[in-house]
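**Student:**
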Amino acid sequence: MSAEEGGKREVPIRLPPELEGGCWANFAAVSHSPYEFTLDFVRMNFDGVDPRNGVVVQRIHMSPLFVQQLIDALQDNWRKYAAKAMPKELRD
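Residues in the sequence shown are numbered from 1235 upward in steps of one, following my numbering.
1) Is DSSP giving residue 1325 helix, strand or coil here?
2) Between which two residues does the beta strand (DSSP E) containing residue 1293 stretch?
3) Could you name the residues of the same chain whose beta carbon sits closer than 7 angstroms to that of residue 1310, not counting the 5 residues immediately before and after it, in chain order?
4) Is the Cβ-Cβ distance between residue 1291 and residue 1280 less than 8 angstroms?
5) For residue 1260, which option in 1273, 1269 and 1249 has the closest C-alpha, if you only look at C-alpha atoms?
6) Residue range of the beta strand (DSSP E) that residue 1264 falls in?
The following block contains the structure:
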């Protein structure tokens, strides 16, 4: 089945060495306009001193179409994770 017929298509992706380590985020803020969504990924400092002490580690702008595709991919991967590896304390 081709991509045009609804099959999955593999897209080659290059990961630059400087991004291999990624970054840690433990909070996200989402906003939108009629034309785009913005996700701010934040590293919050929960040391008890000042819980508002957060730093945006990445800001991503996305089209509404891509947001829906991302939601679908996250839901699919969450189901797979939940079925195999979810810790008991996170289950319903």
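Each residue gets a CB set at the ideal place from its N, CA and C atoms; glycine is no exception.
**Tutor:** In terms of the structure at hand:
1) Residue 1325 sits in coil when the DSSP states are folded into three classes, being neither helix nor strand.
2) Segment 1288–1296, the beta strand (DSSP E) holding residue 1293.
3) Nothing meets the Cβ criterion.
4) Going by C-beta atoms, residue 1291 is not nearer than 8 angstroms to residue 1280.
5) It is 1273.
6) Per DSSP, residue 1264 belongs to the beta strand (DSSP E) from 1261–1266.
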